Amino acid sequence: MERIQRADLLRRICSAEQAAQFVSHGKTVGMSGFTKAGDVKALPKTLAERAAKATRDEAFSITVITGASLGHNSDGVMAGAGLLARRLPFQVDTLLRRKINEGEVMYLDQHLSETAEQLRSGHLPPIDVAIIEAVAILDDGSIVPTMSVGNSASFVSQAKRVIVELNTSVPLALVGMHDIYLPEPVGQRQPIPLTHAAQRIGQTSIKVDPAKIVGIVITDQADSPSSVQAPDLETSAIAHHIVGFLSSEVEKGRMSDSLLPLQVGIGSIANAVMHGLIDSPFNELTMYSEVLQDSAIALLDSGTVSFASTSSVTLSEAVYQRFVSGIEQYRDKIVLRPQEISNHPEIIRRLGIICLNTALEFDIYGNVNSTHVCGTHMMNGIGGSGDFARNGQLSIFVTKSIAKGGQISSVVPMVSHVDHSEHDVDVVVTECGLADLRGLAPRERAALIIEKCAHPDYRDALRDYVSRAQKQRGGQTPHLLEEAFSWHTRFHTTGNML
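Just so you know, the numbering used here puts 237 at position 234 of the sequence shown, and the rest follows in order with no gaps.
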């Protein structure tokens, strides 16, 4: 078989049901997959079917660790069957989200750069079984991942057993696009020798002792398509504000018209905003990000972006087909890395990344909530935004100023959950405007954010809150503690923040 170049591994080909027998109750399983790309397709369903048949006397549940979210409703299928006892570090599935918020699945929301590091240091239970999607197995037994790398290399390194899902729907031309590099253990670690986005520092496949590969399952199923949205009036306005801001940074001599490497978080708003760069005055841009969406491919196709480093390529169905059919033209423009390298603080700080991520809400002082609705209910997770916000050269957060037809303001007196403190946030943007918070004290930040970013329907209420907080309480960061979350409680009881 062309995709299995090591002959003695051919006898490891088996069904998903046979491979699933290598996973037992209570074990920790590392599954490939990052934002619906490169995820395993067969084993999640097969393991879920087994869990659904389990009895009280023969329980079957596991801990599942991935790179990020899985596709094809895999998380929902596993959660619905009672398979998931614990899940980390990121998810986007509706059913799993409900199980998490009902307390049925213990969910650890982690910075995406930290999971592999915590596994390596023993802070998390070790991986018992790694289940990895591959485009090929080379003659030395090493595994070539598909459309993402994520944490796969770390899972394989640590796992006692490895199951490979060999996906024949992914073209072999993907071989050579990956750059697999893992840091040494703490105490023996050398500087990561990456000094520009296009540099390659590792291998094109994941090294593994072939004896650890206990099963190879053949699949033929494409990744789940991303559900991107076309730019609308609000996201186009946000893009316009950001292009104007970056143009000003160029005029002030802080960067060239090639800017600094760009990172763009997952999501429809960020993807739509990036489309706005196609007609911008910038050229020869580079990206150093954890995920590439449709907008990145459009920027590469237009020539606006010359090179993109990532850990995952997550595309809509139409753009995916264009990508795989013309993969040769992208081979020298894209590199796929492990997520602990794509998101590593050392590299982000060295390269001076411009970071663009999405907020659920931010407050008048620049604190950002990107995970919890009304402070309690998990949406998806922090993802890689914290890795980049803390260490980037410019940390930009975007959101629409209102949600649910104006019943919710995305700019509030105090965020109901803090993922990114004011210390890590440089710029906040809505369709109303952009607030550059650098060098400003909290009282100055509040005035600027209200004026530039809050929706007109909420500005007077925010101004009133700030004025009374300053008069009644004072302080470096004035707040009325008895009212700080009143907007959220009002929404909870009436369905409207006003």
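All C-beta atoms, glycine included, are put in the ideal place defined by N, C-alpha and C. All of these numbers come straight from a predicted model, not from anything done at the bench.
query, result
"Delimiting residues of the beta strand (DSSP E) encompassing asparagine 499", "Segment: none, asparagine 499 is in no beta strand (DSSP E) and carries neither H nor E."
"Residue-level contact to chain D via CB, glycine 29, 8 Å cutoff", "The structure shown contains no chain D, having only a single protein chain."
"Sequence-distant residues of the same chain with beta carbon closer than 6 Å to valine 231, five excluded per side", "Ser271, Asn274, Asp297, Ser319"
"Same chain, Cβ closer than 6 Å to valine 415, five either side skipped, listed in chain order", "Glu364, Asp366, Trp490"
"Isoleucine 357 versus alanine 19: straight-line alpha-carbon distance, rounded", "43 Å"
"Own chain partners of glycine 386 with C-beta closer than 7 Å, once the 5 adjacent residues on each side are dropped", "Ala71, Phe93, Leu115, Gly268, Ile269"
"Cβ-Cβ separation, glycine 369 to arginine 448 (assumed contact under 8 Å), whole Å", "5 Å"
"Sequence-distant residues of its chain with Cβ nearer than 7 Å to valine 189 (five each side left out)", "Ser124"
"Integer Cβ distance of threonine 313 from serine 292, believed to fall under 8 Å", "5 Å"
"Closer than 7 Å: glycine 29 CB and nearest the ligand HEM heavy atom", "Of ligands this structure carries none, so the ligand HEM is not represented either."
"Sub-8 Å separation of serine 315 and serine 151 beta-carbons", "yes"
"Rounded straight-line distance, which links the Cα of alanine 450 to that of serine 283", "30 Å"
"Own chain, CB closer than 7 Å to glycine 498, minus 5 neighbours either side, in chain order", "Gln410"
"Beta-carbon contacts of proline 194 that lie in its chain and below 8 Å, excluding the five residues immediately before and after", "Glu349"
"Per-residue burial, glycine 74 [other beta carbons within 10 Å of its own, 16 or more giving buried]", "buried"
"Residue burial classification, arginine 192 (beta-carbon count within 10 angstroms, cutoff 16)", "exposed"
"Cutoff 6 Å; reference valine 430; Cβ partners in own chain excluding five residues on either side", "Ile399, Asp439"
"Which of helix, strand or coil DSSP assigns to methionine 277", "helix"
"Rounded C-alpha distance that separates leucine 465 from isoleucine 344", "41 Å"
"Own chain, CB closer than 7 Å to glutamine 121, minus 5 neighbours either side, in chain order", "Leu127"
"Straight-line Cα distance separating tyrosine 468 from proline 445", "14 Å"
"Inter-residue spacing [alpha-carbon to alpha-carbon] between valine 43 and isoleucine 134", "7 Å"
"For arginine 448, the residue or residues it bridges with in DSSP", "Note: arginine 448 sits in no beta bridge, so no partner."
"Buried versus exposed call for proline 47 [16 or more other C-beta atoms within 10 Å across all chains shown]", "buried"
"Continuous beta strand (DSSP E) stretch holding isoleucine 357: start and end", "357 to 361"
"Local Cβ density within 10 Å of serine 35, reported as buried at 16 or more and exposed below that", "buried"
"Within 8 Å, strictly: CB atoms of methionine 81 and alanine 57", "no"
"Nearest-angstrom Cβ-Cβ length linking leucine 437 and isoleucine 245, presumed shorter than 8 Å", "7 Å"
"Alanine 139 and valine 147 closer than 8 Å at C-beta", "yes"
"Stretch-stretch touch, CB-based, cutoff 8 Å, three pairs: the stretch 373 to 381 with the stretch 478 to 494", "yes"
"Every unbroken alpha helix (DSSP H) inside the stretch 102 to 141 [4 residues or more]", "117 to 124"
"Rounded separation between glycine 395 and isoleucine 65 - CA only", "36 Å"
"For isoleucine 219: DSSP bridge partner residues", "Ile16, Val167"
"Cβ neighbours of leucine 197 in the same chain (closer than 6 Å, five flanking residues each side left out)", "Ile204, Ile350"
"Boundaries (first-last residue) of the alpha helix (DSSP H) holding arginine 53", "46 to 55"
"Pairwise C-alpha distance: cysteine 456 and serine 412", "11 Å"
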